[in-house]
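Peer 1: The structure's right below; bear with me while I get my questions together.
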DNA sequence: CTGCTTACTTAGTACACGCAGA
DNA sequence: TCTGCGTGTACTAAGTAAGCAG
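Numbering (UniProt numbering), first residue to last: 1 to 763.
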């Protein structure tokens with residue numbers, strides 16, 4: 001089930017250097033390298049090039065690299081972005097006129113609709129056609145019904161207990177709840193993780209202590225003496241029982257739940273109905289940190305109304321609470337987009353209840369994000385030119401900035417902010433350390449580090465020669481494993497630098513820009529031909545390039561291998577059928593072999609063993625089918641009170657299969673095909689073969705797609721990085737229904753794109 | 001500046017649900 | 001009609017970045 005996708009640090013003892021010692025080291029480096037604030041690049045370069053290339057006179061080397069840098073840079077980005085530079089149309093000026101007009105129309109509609117109840121479910125508010133001014137104020141009125149709290153804990157029946165040292169333990173309810181959190185996870189990877197166990201156990205004991213220990217005088221001190229399996233089994237049983245409910249009962253439960261949730265699902269923003277995203281307060285449980293998170297397994301405590309801050313307008317009614325409970329705080333902050341928040345106890349940060357993805361405010365943010373990325377188009381050349389030039393700056397800081405921007409631009413690395421000791425040790429660009437980058441002359445770099453979510457980033461790539469040299473400089477002694485590569489840099493320095501090129505430009509914009517740009521370029525390569533399915537496949541391939549660029553991974557599903565095997569078997573079987581038909585043709589007409597020798601070449605492709613195993617598989621499947629059919633048929637007959645099929649009926653079917661088996665066996669020896677249809681002709685067989693060929697093709701493509709997608713997650717880039725207008729335009733232009741690309745919720749999230757774009761739009 | 005707080009965006013996973021194929 | 005499995009959605013962790021106080 002699990003893959004090696006997420007990498008834990010292989011050695012628990014190998015903790016990163018303490019922050020302080022890192023800083024000390026950085027300071028030390030500074031003195032040695034750069035006490036005057038600049039350094040002599042020639043000296044540095046000559047040292048490096050000595051180690052790398054041998055001797056080359058300095059000046060010439062400089063010039064040469066300059067040119068190489070340029071070439072390398074353009075080549076690199078072309079390679080990634082598909083084809084080169086397509087000119088991008090300026091946005092048309094008609095837009096403003098159009099929007100003003102529809103704004104007026106909109107206002108009229110609103111007046112009309114005022115006492116008409118709410119308009120259709122979608123509300124029909126097209127913010128993208130309205131003028132928006134100041135965006136620090138997000139709303140003028142905001143009303144909502146608060147949040148749903150998780151149901152209170154229901155104690156276990158008295159026969160379900162934790163066992164300690166083989167003895168049943170009577171736990172206070174609160175402690176039992178915590179024990180249950182762990183018990184529920186018994187089969188999972190978390191439960192096997194020692195850090196998880198330790199953190200859970202500590203918190204469990206603390207809760208136990210708080211409520212006075214066990215009630216039957218058992219002192220719990222050793223995790224390994226705890227046996228949660230009875231609790232686990234009980235949860236499994238409950239799950240099973242829930243599954244067993246009749247569809248009627250399930251429906252009933254669902255309806256009840258929906259009725260309860262209804263008031264929380266929507267809120268009223270500036271008089272319009274909008275959906276709320278996560279209106280449920282997160283239930284208590286054990287923190288499931290990703291990767292080697294030091295706090296994984298800790299108790300995530302229950303949130304009560306008094307922990308929750310509500311945000312609504314001043315006139316909004318305050319959502320009622322049961323007797324004796326009250327909200328932590330009521331706020332009226334219209335510069336933010338959250339409805340409620342609370343502080344979480346694991347890392348002491350905030351959790352927010354926010355609008356749903358399809359809300360107008362989120363839509364506007366999305367729109368702005370992509371427009372900002374599009375704006376980068378106008379600056380990217382200058383930025384690239386600059387960082388290429390500054391790779392040779394005399395100032396260390398400048399070199400680091402240049403290399404960092406290069407990496408962010410070319411390899412779509414994240415900014416990489418500093419992380420504290422009590423988080424998983426993951427890095428991005430600015431936080432890369434010595435050991436994450438391996439240099440192989442002349443200019444190959446191996447990146448190997450854990451990024452966001454502890455997803456491994458592993459790439460062997462060729463980089464610009466000067467980038468390579470600089471990386472070598474950044475790794476020079478006394479730096480050693482554990483030290484920051486970019487010791488003068490952090491995301492805020494980088495972002496401040498980027499703002500000079502374009503207001504609002506930050507490191508993350510490059511990911512959006514390069515993702516969407518790549519998608520545009522890839523889509524441009526797709527010919528407008530073939531079936532919808534074929535076009536879809538190509539769209540997904542384009543999507544995949546982007547996902548790979550962004551290193552979006554997913555774990556391989558537990559039955560992936562099996563399902564690939566199945567698909568392979570299916571293809572083999574189809575091929576066997578094809579060969580068999582070809583043999584049959586030759587049986588009918590030997591002269592065909594001479595007429596089209598190529599066509600018949602493949603008839604010897606299958607080895608006897610292969611063929612035999614295909615036979616075996618088919619026969620096994622047939623036998624199974626017989627049994628299943630028999631059982632099913634009899635169930636039905638029993639129900640209808642008819643005579644049951646007898647064993648001899650079953651035998652009859654099985655005999656038929658047996659006959660086929662014998663035929664196959666004979667075929668294997670004699671290569672004589674016994675076909676069912678007696679009056680077949682070469683033409684008919686040819687037709688069948690053609691059909692088979694098509695099926696094989698389709699299956700093969702699907703299989704390849706499946707394999708290529710098995711570790712790549714397309715969703716993340718589709719949702720966050722690829723300008724949705726690209727997909728909309730693709731659909732319009734290529735006659736692909738949008739439903740094939742955007743699920744219902746994505747269509748709603750990207751409504752602004754779906755409804756506003758014409759087919760000439762370009763990123 | 002630096003470090004901390006706050007807000008918002010991006011991310012993979014778990015699991016329910018629905019649909020295709022037997 | 002049932003089942004298996006793949007997809008879609010809910011969930012929440014883990015990033016980025018802005019802003020502010022000291």
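Beta carbons: idealized from backbone N, C-alpha and C, even for Gly.
Less than 8 Å between C-beta atoms, sequence neighbours within five positions excluded: which residues of the same chain meet that for residue 357?
Peer 2: Position 357 of the first chain holds residue 357. Correct list, in chain order: 277, 745, 748, 749.
Peer 1: Using the Cβ count rule (16 or more neighbours within 10 Å means buried), how would you classify residue 521?
Peer 2: Position 521 of the first chain, counting from 1, holds the residue named residue 521. Flag for residue 521 reads buried.
Peer 1: Taking only runs of the beta strand (DSSP E) that begin and end inside the segment 371-440, which ones reach a length of at least 3 residues, in chain order?
Peer 2: Counting only runs of 3 or more, we get 437-440.
Peer 1: Between which two residues does the beta strand (DSSP E) holding residue 671 run?
Peer 2: Along the first chain, read from residue 1 onward, the residue named residue 671 stands at position 671. No beta strand (DSSP E) contains residue 671, which DSSP labels as neither H nor E.
Peer 1: Under 6 Å Cβ to Cβ from residue 397, same chain only, skipping five residues before and after it: list those, please.
Peer 2: The residue labelled residue 397 in the question sits at position 397 within the first chain. Cβ neighbours of residue 397 beyond the five flanking positions: 488.
Peer 1: Report yes if the CB atom of residue 553 is closer than 8 Å to the CB atom of residue 454, and no otherwise.
Peer 2: Taking the first residue of the first chain as 1, we reach residue 553 at position 553. Taking the first residue of the first chain as 1, we reach residue 454 at position 454. Their beta carbons are not under 8 Å apart, which means residue 553 does not touch residue 454 by this criterion.
Peer 1: Nearest-angstrom Cα distance between residue 684 and residue 592?
Peer 2: Stepping through the first chain from its first residue, residue 684 is reached at position 684. Stepping through the first chain from its first residue, residue 592 is reached at position 592. Cα-Cα distance, rounded: 14 Å.
Peer 1: Which class does residue 93 belong to by DSSP, given the choice of helix, strand or coil?
Peer 2: Here residue 93 refers to the residue found at position 93 when the first chain is read from its first residue. Because residue 93 sits at a pLDDT of 30, beneath the cut-off of 50, its placement in the model cannot be relied upon, and the following sentence gives the value as read from the coordinates. Reduced to three states, the DSSP call for residue 93 is coil.
Peer 1: Quick check on the DSSP output: the alpha helix (DSSP H) that includes residue 708 runs from which residue to which?
Peer 2: Numbered from its first residue, the first chain carries residue 708 at position 708. Per DSSP, residue 708 belongs to the alpha helix (DSSP H) from 682-709.
Peer 1: Counting Cβ pairs, one atom from each stretch, are 3 or more of them under 8 Å apart for the segment 189-209 and the segment 152-167?
Peer 2: Not touching, per the Cβ criterion.
Peer 1: Assuming residue 145 and residue 283 form a contact by the criterion Cβ under 8 Å, report the distance between their Cβ atoms to the nearest whole angstrom.
Peer 2: As a first step, residue 145 is located in the first chain; it is residue number 145 there, counting from the start. As a first step, residue 283 is located in the first chain; it is residue number 283 there, counting from the start. 19 Å between Cβ atoms; not a contact.
Peer 1: Tell whether a beta-carbon distance below 8 Å holds between residue 297 and residue 196.
Peer 2: Indexing the first chain from 1 puts residue 297 at position 297. Indexing the first chain from 1 puts residue 196 at position 196. Yes.
Peer 1: I want to know whether the segment 654-668 touches the segment 529-536 - three or more CB-CB distances under 8 Å.
Peer 2: Contact fails: fewer than three Cβ-Cβ distances are below 8 Å.
Peer 1: Relative to the C-alpha of residue 505, which candidate in 645, 377, 420 has its C-alpha closest?
Peer 2: To locate residue 505, count along the first chain from 1; it is residue 505. Among 645, 377, 420, the Cα nearest to that of residue 505 belongs to 377.
Peer 1: Since I believe residue 424 is in contact with residue 293 (beta carbons under 8 Å), could you give me their beta-carbon distance rounded to a whole number of angstroms?
Peer 2: As a working note, residue 293 is residue 293 in the first chain. As a working note, residue 424 is residue 424 in the first chain. Rounded, the Cβ-Cβ distance is 4 Å, consistent with contact.
Peer 1: Near residue 106, what residues of its chain come up, given a Cβ to Cβ distance below 6 Å and the 5 sequence neighbours on each side ignored?
Peer 2: Residue mapping note: residue 106 aligns to position 106 of the first chain, counting from 1. Per-residue confidence for residue 106 stands at a pLDDT of 36, beneath the threshold of 50, marking its modelled position as unreliable; the derived number appears in the next sentence. For residue 106, where only same-chain residues beyond five positions count, there are no Cβ hits under 6 Å.
Peer 1: Where does the unbroken alpha helix (DSSP H) through residue 720 begin, and where does it stop?
Peer 2: Translated into positions along the first chain, residue 720 becomes position 720. 714-720 is the span of the alpha helix (DSSP H), which, as asked, contains residue 720.
Peer 1: Look at the alpha carbon of residue 540 and the alpha carbon of residue 742, and state the distance between them as a whole number of angstroms.
Peer 2: To locate residue 540, count along the first chain from 1; it is residue 540. To locate residue 742, count along the first chain from 1; it is residue 742. The alpha-carbon atoms of residue 540 and residue 742 are separated by roughly 12 Å.
Peer 1: Measuring CB to CB, does residue 626 end up less than 8 Å from residue 606?
Peer 2: Walking along the first chain from the start, residue 626 turns up at place 626. Walking along the first chain from the start, residue 606 turns up at place 606. Going by C-beta atoms, residue 626 is not nearer than 8 Å to residue 606.
Peer 1: Which residue spans inside the segment 581-646 form an unbroken beta strand (DSSP E) run of at least 3?
Peer 2: Complete beta strand (DSSP E) runs here, min 3: none at all.
Peer 1: Out of 382, 223, 598, which one is the CA nearest neighbour of residue 501?
Peer 2: In the first chain, residue 501 corresponds to position 501, counting from 1. When each option's Cα is compared against that of residue 501, the closest is 382.
Peer 1: Reducing DSSP to helix, strand and coil, say where residue 252 ends up.
Peer 2: In the first chain, the residue the question calls residue 252 occupies position 252. Looking at residue 252 - three-state DSSP - the assignment turns out to be helix.
Peer 1: At which residue ranges does the segment 478-515 contain complete alpha helix (DSSP H) runs of 4 or more residues, listed in the order of the chain?
Peer 2: Here the runs fully enclosed are 491-499.
Peer 1: What three-state label does DSSP hand residue 309 in the structure shown?
Peer 2: Along the first chain, read from residue 1 onward, the residue named residue 309 stands at position 309. Residue 309 falls in the strand class under three-state DSSP.
Peer 1: Tell me the residue span of the beta strand (DSSP E) that contains residue 353.
Peer 2: Within the first chain, residue 353 is the residue found at index 353, counting from 1. From DSSP, the beta strand (DSSP E) with residue 353 extends over 350-354.
Peer 1: Mind checking residue 332: buried by the 16 CB within 10 Å criterion, or exposed?
Peer 2: On the first chain, position 332 is the one that residue 332 refers to. Under this definition residue 332 is an exposed residue.
Peer 1: When you compare the CB positions of residue 767 and residue 361, do they come within less than 8 Å of one another, or not?
Peer 2: No answer is possible for residue 767: the residues shown for the chain start at 1 and end at 763.
Peer 1: Closest by CA to residue 308, which one among 329, 586, 217, 316?
Peer 2: If you number the first chain from 1, residue 308 lands on position 308. For residue 308, the nearest C-alpha among the options comes from 329.
Peer 1: State the DSSP-derived secondary structure class of residue 357, mapped to helix, strand or coil.
Peer 2: Within the first chain, residue 357 is the residue found at index 357, counting from 1. The answer is coil: DSSP assigns residue 357 none of H, G, I, E or B.
Peer 1: For the beta strand (DSSP E) holding residue 149, just list the boundary residues, first then last.
Peer 2: Taking the first chain and counting its residues from 1, one reaches residue 149 at position 149. Per DSSP, residue 149 belongs to no beta strand (DSSP E) and is neither H nor E.
Peer 1: Applying the 10 Å Cβ sphere with the 16-neighbour rule, what's the burial state of residue 460?
Peer 2: Reading the first chain from its first residue, position 460 is the one you call residue 460. Residue 460 should be labelled exposed.
Peer 1: According to DSSP, is residue 30 helix, strand or coil?
Peer 2: Taking the first chain and counting its residues from 1, the one referred to as residue 30 is at position 30. Annotation note: pLDDT 38 at residue 30 (below 50); position unreliable, coordinate value reported separately. Correct three-state label for residue 30: helix.
Peer 1: Whose C-alpha, out of 207, 710, 319, is nearest the C-alpha of residue 544?
Peer 2: Residue 544 sits at position 544 when you count from the first residue of the first chain. When only C-alpha atoms are compared, the closest one is 710.
Peer 1: With burial defined as no fewer than 16 other Cβ atoms inside 10 Å of the residue's Cβ, what is the status of residue 458: buried or exposed?
Peer 2: Looking up residue 458 in the first chain gives position 458. Result: exposed.
Peer 1: Could you compute how far the alpha carbon of residue 215 sits from the alpha carbon of residue 244?
Peer 2: Sequence index remark: in the first chain, residue 215 carries index 215 (1-based). Sequence index remark: in the first chain, residue 244 carries index 244 (1-based). Going from the Cα of residue 215 to the Cα of residue 244 covers about 35 Å.
Peer 1: Can you tell me the Cα-Cα spacing of residue 634 and residue 644, whole angstroms?
Peer 2: Start at 1 with the first residue of the first chain, and residue 634 comes out as number 634. Start at 1 with the first residue of the first chain, and residue 644 comes out as number 644. Rounded to the nearest angstrom, the two C-alpha atoms are 6 Å apart.
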